[in-house]
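Colleague:
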Amino acid sequence: MWDQILQFLITGVTVGATYALVALGFAIIYNASDVVNFAQGEFVMIGAMTAIALSAGDGGLPLPLALIGAVLITIAVGILLQRFAIAPARGASVVTTIIITIGASIFLRGVALLVWGKDIFAMPHFSGEIPLHIGNATLLPQNLWVMGGAALLVMGVHYFFNHTIIGKAILACSCNRTAAHLVGINVGLMMLVAYGLSAFLGAMAGILVAPITFTSYDAGVMLGLKGFSAAILGGMGNPMGAVAGGLALGLIESLAAGLISSGYKDAIGFIILLLVLFIRPSGMFGKVSAERV
Amino acid sequence: MNIRKTMTALAVSTLMSLTAAQALAADTIKVGSFLAVTGGASFLGDTELKTLQMYVDEVNAKGGIDGMQVELIHYDTGGDSKKAVNFAKRLIKKDQVDVIVGGSTSGTSMAVIDEVESEGIPFISLAGSVKIVEPVKKWVFKVPHTDRMAAGKIFEDMKKRGISKVALISGDGGFGKSGRGETLALAPEYGIEIVADESYGAKDTDMTAQLTKIRDTDAQAVLNFGFGTGPAIVTKNVRQLGITIPLYQSHGVASKKYIELAGDSAEGVRLPAAALLVADKLADADPQKPVLVAYQTKYEAAHGAVSTFGGHAFDGLYIALEAIDRANSTDKAKVRDEIEKTTNFIGTGGIFNMSATDHLGLGLDAFKMLEIKNGDWTLVE
Numbered sequence: 081m082w083d084q085i086l087q088f089l090i091t092g093v094t095v096g097a098t099y100a101l102v103a104l105g106f107a108i109i110y111n112a113s114d115v116v117n118f119a120q121g122e123f124v125m126i127g128a129m130t131a132i133a134l135s136a137g138d139g140g141l142p143l144p145l146a147l148i149g150a151v152l153i154t155i156a157v158g159i160l161l162q163r164f165a166i167a168p169a170r171g172a173s174v175v176t177t178i179i180i181t182i183g184a185s186i187f188l189r190g191v192a193l194l195v196w197g198k199d200i201f202a203m204p205h206f207s208g209e210i211p212l213h214i215g216n217a218t219l220l221p222q223n224l225w226v227m228g229g230a231a232l233l234v235m236g237v238h239y240f241f242n243h244t245i246i247g248k249a250i251l252a253c254s255c256n257r258t259a260a261h262l263v264g265i266n267v268g269l270m271m272l273v274a275y276g277l278s279a280f281l282g283a284m285a286g287i288l289v290a291p292i293t294f295t296s297y298d299a300g301v302m303l304g305l306k307g308f309s310a311a312i313l314g315g316m317g318n319p320m321g322a323v324a325g326g327l328a329l330g331l332i333e334s335l336a337a338g339l340i341s342s343g344y345k346d347a348i349g350f351i352i353l354l355l356v357l358f359i360r361p362s363g364m365f366g367k368v369s370a371e372r373v
Numbered sequence: 139m140n141i142r143k144t145m146t147a148l149a150v151s152t153l154m155s156l157t158a159a160q161a162l163a164a165d166t167i168k169v170g171s172f173l174a175v176t177g178g179a180s181f182l183g184d185t186e187l188k189t190l191q192m193y194v195d196e197v198n199a200k201g202g203i204d205g206m207q208v209e210l211i212h213y214d215t216g217g218d219s220k221k222a223v224n225f226a227k228r229l230i231k232k233d234q235v236d237v238i239v240g241g242s243t244s245g246t247s248m249a250v251i252d253e254v255e256s257e258g259i260p261f262i263s264l265a266g267s268v269k270i271v272e273p274v275k276k277w278v279f280k281v282p283h284t285d286r287m288a289a290g291k292i293f294e295d296m297k298k299r300g301i302s303k304v305a306l307i308s309g310d311g312g313f314g315k316s317g318r319g320e321t322l323a324l325a326p327e328y329g330i331e332i333v334a335d336e337s338y339g340a341k342d343t344d345m346t347a348q349l350t351k352i353r354d355t356d357a358q359a360v361l362n363f364g365f366g367t368g369p370a371i372v373t374k375n376v377r378q379l380g381i382t383i384p385l386y387q388s389h390g391v392a393s394k395k396y397i398e399l400a401g402d403s404a405e406g407v408r409l410p411a412a413a414l415l416v417a418d419k420l421a422d423a424d425p426q427k428p429v430l431v432a433y434q435t436k437y438e439a440a441h442g443a444v445s446t447f448g449g450h451a452f453d454g455l456y457i458a459l460e461a462i463d464r465a466n467s468t469d470k471a472k473v474r475d476e477i478e479k480t481t482n483f484i485g486t487g488g489i490f491n492m493s494a495t496d497h498l499g500l501g502l503d504a505f506k507m508l509e510i511k512n513g514d515w516t517l518v519e
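Respectively, the protein sequence lines represent chains E and U. So in my numbering the end of the first sequence lands on 373, straight run, no missing numbers. So in my numbering the end of the second sequence lands on 519, straight run, no missing numbers.
1) For the alpha helix (DSSP H) that contains F365 (chain U), what are its first and last residues?
2) Kindly indicate which residue of E:L219, E:I148, E:I182 has the alpha-carbon position closest to the one of G208 (chain E).
3) Bridge partners of T295 (chain E), per DSSP?
4) For a contact defined as C-beta to C-beta under 8 Å, what are the partners of P294 (chain E) on chain U?
5) Suppose the cutoff is 7 Å on Cβ atoms and the five residues either side in sequence are ignored; what does the same chain contact list for I246 (chain E) look like?
6) Using a Cβ-Cβ distance under 8 Å, would T130 (chain E) count as near chain U?
7) How many whole angstroms separate the CB atoms of I259 (chain U) and I238 (chain U), which I take to be in contact at a CB cut-off of 8 Å?
8) Let's see if you can read the secondary structure: which residues bound the alpha helix (DSSP H) around T91 (chain E)?
9) Could you tell me the alpha carbon to alpha carbon distance between G202 (chain U) and I167 (chain U), rounded to whole angstroms?
10) Is there a Cβ of chain U sitting closer than 8 Å to that of G326 (chain E), yes or no?
11) Output needed in chain order: residues of the region 305-333 of chain E with a Cβ under 7 Å from some Cβ in chain U.
12) Does the Cβ of G406 (chain U) have 16 or more other Cβ atoms within 10 Å, making it buried, or fewer, making it exposed?
13) Does DSSP classify M364 (chain E) as helix, strand or coil?
14) Which chain E residues are close to Y437 (chain U), counting only those with a beta carbon under 8 Å from its beta carbon?
15) Mind checking whether H520 (chain U) and K280 (chain U) have CB atoms under 8 Å apart?
16) Relative to the C-alpha of V285 (chain E), which residue among E:V323, E:G317, E:R360 is closest?
17) Residues in its own chain within less than 7 Å of R318 (chain U) by CB, not counting five upstream and five downstream?
18) Of the residues U:D233, U:M248, U:E478, which one's Cα is nearest the Cα of S219 (chain U)?
19) Our contact map puts G276 (chain E) next to I159 (chain E) with C-beta atoms below 8 Å; I'd like the distance itself, whole angstroms only.
20) Given T284 (chain U), which residues of its chain have a CB within under 8 Å of its CB, disregarding the five upstream and five downstream residues?
21) Do we get a CB-CB distance below 8 Å when we pair S316 (chain U) with the residues of chain E?
22) If we define contact as Cβ-Cβ less than 8 Å, is T192 (chain E) a contact residue for chain U?
23) Quick one: is Q358 (chain U) near chain E, going by C-beta distance under 8 Å?
24) Going by DSSP, what residue range makes up the alpha helix (DSSP H) through Q358 (chain U)?
25) Looking at C-alpha atoms only, which residue of E:A249, E:E333, E:V237, E:G343 is the closest neighbour of E336 (chain U)?
26) Comparing the C-beta of E255 (chain U) with each C-beta of chain E, is any distance below 8 Å?
27) Flag K341 (chain U) as yes if its beta-carbon sits less than 8 Å from any beta-carbon of chain E, otherwise no.
28) Could you tell me if V271 (chain U) is buried or exposed, where buried requires 16 or more neighbouring beta carbons within 10 angstroms of its beta carbon?
29) Tell me, please, which residues DSSP counts as bridged to V237 (chain U).
30) Does any C-beta atom of chain U lie closer than 8 Å to the C-beta of F123 (chain E)?
31) In chain U, which residues lie with their C-beta within 8 Å of the C-beta of I200 (chain E)?
32) Closest Cβ-Cβ distance between G380 (chain U) and chain E: below 8 Å?
33) Of the choices E:P211, E:Q84, E:K306, E:G197, whose alpha-carbon is the least far from that of S180 (chain U)?
34) With a threshold of 8 Å between beta-carbons, can D354 (chain U) be considered close to chain E, or not?
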């Protein structure tokens, strides 16, 4: 029984770490501009797909270089998305901007479909596929990569927002855009940085999990939804809450599948999400919002 | 010119053009089709349409059927059942086709049944569900194998190996759900006990939780009914957890892509599949071999790797055309009767023997049991 639960926990943390990275991407853009970027899942897909494309074939790059290239390309996509789709709609309401991001996600998926087709792709594991044993539970070296990578990225993002001037400037934009502008913060540039950072996190999530999960042009849809749920669960706008939400969602799913019923694991996840929202509408760690007058 | 003369001339010319039109109509056989060429099921419709076009061209190049040319009229449903119904109506009423070969998905095929039954037009479906022809409907036929046959073939193989306790894990999409239902319904007939019944979402990324539960049952084999990434992840997770009992997959993974994705983990996995997948490995005496090799060569020369789905379109088209040939007419009732009389038709899916009670006409032998060895399919005898 305890062996089983240990296995469920390992699975839950691995899956949860992926959700956490996607949720973190949601939280960063939401923090900077109050917009929920529904193209976040597509960043994950583009990261994984470009890494595979760059390393494929005999003329392909070695895996580490391909991964770096994929991350850079995804960041570029994020910045271009902000510059050419979000920025021109500056004056538009938040809802309009959210609709633009939904359009962007469909567009990016379409481009991926045209470039790579409908096939499913696999990526080699970073350090082999020989499972490690903890008691009767097993995990792959790649699980450690996912957990470790996610932990480092989360700490990095935490440091960035609390201890660097750019991070604080982005937070300032989210508190009050006009005031931030008045004290000399380049709001437009900060938005670019926020989208670039979100795309970076998405790409990292994509390349860390792709060896385990495979990827295809539509792989971002489900991850985007789960990441969004995680961000809501943790409290939209609180980056660390998003991480907690991601881990919680991963663990709930895994434990529900293992201990209750695999058929209802998604339903159980969403019921808990709804319950949290009934009790704390701003999520587990969200600030209770007050209407500004 | 007086009025009467004008009228006569008009009448004559109308009559003449009418007969000309009729003669023209009699010169073509109209095959209607609606397929999911775009959308989520496009991997079915795309190859089916290419196959239909390719073979309609070939038949016409060889002089047609009884001197009549074949015309293919096709609409893309995108996998949408509502569109399928509208297109079926258009094919019947506006295009006045003689026979319909199409319906890539079970949903679109089921949706048009009422229409073809009430209009009385032969319809050969290219979709998997056994419900399309069970109970038997007068005008509806189908050519692909059913998931019930796949489950039967798997159980047959399990019994040979002395396996009686099976853990089932299935995807929650249409294919997995239907396969799960058939598996549960069929297991008692083979004396097999299903000791675990787990499921996973179509886009889930990890199934170790479900498989950990399965590991702790007394199952002697794992059976996975699913499609897409799911089965490949299940296969990898099974190996990761150190589960050593045999793993069976369904015909849903019968493509090289599955071996590529699951890699070394796929070694030793068994699955039922259409003979097309192993055409070159069949014995030379196998009656299906020439048909399969011919289809594979022709398709691969034009479009790249074959899939069994395109093969279904080939089977459906030729069963329809041969029935029209035997009927010596495009009279719908006669063609229907001839389709029902199809015997010993050697297609890509198997050898078809239809009857008034069986509008599919394939036996379990239409499936071959395969095992993956050294990254390639091998036939299990």
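Glycine included, every Cβ here is placed at the ideal spot set by N, Cα and C. Because the structure is a prediction, the values reported are computed rather than measured.
Modeller: With the given structure in hand:
1) On the second sequence, position 227 is the one that residue 365 (chain U) refers to. In the DSSP assignment, F365 (chain U) falls outside any alpha helix (DSSP H), carrying neither H nor E.
2) Counting from 1 along the first sequence, the entry for residue 208 (chain E) is found at position 128. For G208 (chain E), the nearest C-alpha among the options comes from E:L219.
3) On the first sequence, position 215 is the one that residue 295 (chain E) refers to. Beta-bridge pairing by DSSP links T295 (chain E) to E:F201.
4) Residue numbering aside, residue 294 (chain E) sits at position 214 when the first sequence is read from its first letter. Looking at the sequence provided, one finds Phe at residue 294 (chain E) rather than Pro. Ordered by position in chain U, the residues that pass the 8 Å Cβ test against F294 (chain E) are T367, A370, I371, L399.
5) Position 166 of the first sequence, counted from the first residue, corresponds to residue 246 (chain E). Excluding positions up to five away in sequence, the list reads V273.
6) Along the first sequence, read from residue 1 onward, the residue named residue 130 (chain E) stands at position 50. Not a single CB atom of chain U sits nearer than 8 Å to the CB of T130 (chain E).
7) Here residue 259 (chain U) refers to the residue found at position 121 of the second sequence. Here residue 238 (chain U) refers to the residue found at position 100 of the second sequence. So it is a contact: roughly 6 Å between Cβ atoms.
8) Residue mapping note: residue 91 (chain E) aligns to position 11 of the first sequence, counting from 1. Run containing T91 (chain E): 82-113, per the alpha helix (DSSP H) assignment.
9) Translated into the one-based positions of the second sequence, residue 202 (chain U) becomes position 64. Translated into the one-based positions of the second sequence, residue 167 (chain U) becomes position 29. Approximately 9 Å, taken between the alpha carbons.
10) Locating residue 326 (chain E) in the first sequence gives position 246, counting from the first residue. Residue contact with chain U for G326 (chain E): absent (no Cβ-Cβ distance below 8 Å to any residue of chain U).
11) Residues passing the 7 Å Cβ filter: none.
12) In the second sequence, residue 406 (chain U) corresponds to position 268, counting from 1. So G406 (chain U) counts as exposed.
13) Position 284 of the first sequence holds residue 364 (chain E). Here M364 (chain E) sits in coil by DSSP.
14) For the purposes of this step, residue 437 (chain U) is taken as the residue at position 299 of the second sequence. Under the 8 Å cutoff, chain E gives no residues; its nearest Cβ is about 18 Å from Y437 (chain U).
15) Chain U is shown only over 139 to 519; residue 520 (chain U) falls outside these bounds and no answer can be derived.
16) By one-based count along the first sequence, residue 285 (chain E) stands at place 205. Looking at the sequence itself, residue 285 (chain E) is Ala, so the reference to Val does not match. Of the residues E:V323, E:G317, E:R360, the one whose Cα lies closest to the Cα of A285 (chain E) is E:V323.
17) Counted from its first residue, the second sequence places residue 318 (chain U) at position 180. Within its own chain, the residues whose Cβ lies closer than 7 Å to the Cβ of R318 (chain U), once the five positions on either side in sequence are excluded, are L306, S308, F363, listed in chain order.
18) As a first step, residue 219 (chain U) is located in the second sequence; it is residue number 81 there, counting from the start. Taking S219 (chain U) as reference, the option from U:D233, U:M248, U:E478 with the minimal CA-CA separation is U:M248.
19) Counted from its first residue, the first sequence places residue 276 (chain E) at position 196. Counted from its first residue, the first sequence places residue 159 (chain E) at position 79. Yes, G276 (chain E) and I159 (chain E) are in contact; Cβ-Cβ is about 5 Å, under 8 Å.
20) Here residue 284 (chain U) refers to the residue found at position 146 when the second sequence is read from its first residue. Setting aside the 5 residues that flank it on each side, T284 (chain U) is surrounded in the same chain by G266, S267, V268, E320, L498, each with a C-beta closer than 8 Å to its C-beta; the list follows chain order.
21) For this step, residue 316 (chain U) is matched to residue 178 along the second sequence. Taking Cβ atoms only, chain E never reaches closer than 8 Å to S316 (chain U), which makes this a no.
22) One-based indexing of the first sequence puts residue 192 (chain E) at position 112. The amino acid at residue 192 (chain E) is misidentified as Thr; the sequence shows Ala. Not a single C-beta of chain U is nearer than 8 Å to the C-beta of A192 (chain E).
23) Along the second sequence, one-based indexing puts residue 358 (chain U) at 220. Not one chain E Cβ lies under 8 Å of Q358 (chain U).
24) Against the second sequence, residue 358 (chain U) aligns to sequence position 220. Where Q358 (chain U) is concerned, there is no enclosing alpha helix (DSSP H), given that its DSSP letter is neither H nor E.
25) Locating residue 336 (chain U) in the second sequence gives position 198, counting from the first residue. Per the Cα distances, E:G343.
26) Working through the second sequence from its first residue, we reach residue 255 (chain U) at position 117. Not a single C-beta of chain E is nearer than 8 Å to the C-beta of E255 (chain U).
27) Locating residue 341 (chain U) in the second sequence gives position 203, where the first residue counts as 1. So yes, K341 (chain U) belongs to the interface.
28) Your numbering for residue 271 (chain U) matches position 133 in the second sequence. That one is buried.
29) For the purposes of this step, residue 237 (chain U) is identified with residue 99 of the second sequence, where counting begins at 1. Beta-bridge pairing links V237 (chain U) to U:V169.
30) Your numbering for residue 123 (chain E) matches position 43 in the first sequence. Interface residue (Cβ-Cβ distance to chain U less than 8 Å): F123 (chain E) is not classified as such.
31) Here residue 200 (chain E) refers to the residue found at position 120 of the first sequence. Here the neighbours are G366, T367, A370, K395, L399.
32) Residue mapping note: residue 380 (chain U) aligns to position 242 of the second sequence, counting from 1. Yes, contact with chain E.
33) Residue mapping note: residue 180 (chain U) aligns to position 42 of the second sequence, counting from 1. Of E:P211, E:Q84, E:K306, E:G197, the residue nearest in Cα terms is E:G197.
34) Here residue 354 (chain U) refers to the residue found at position 216 when the second sequence is read from its first residue. The Cβ of D354 (chain U) sits closer than 8 Å to at least one Cβ of chain E.
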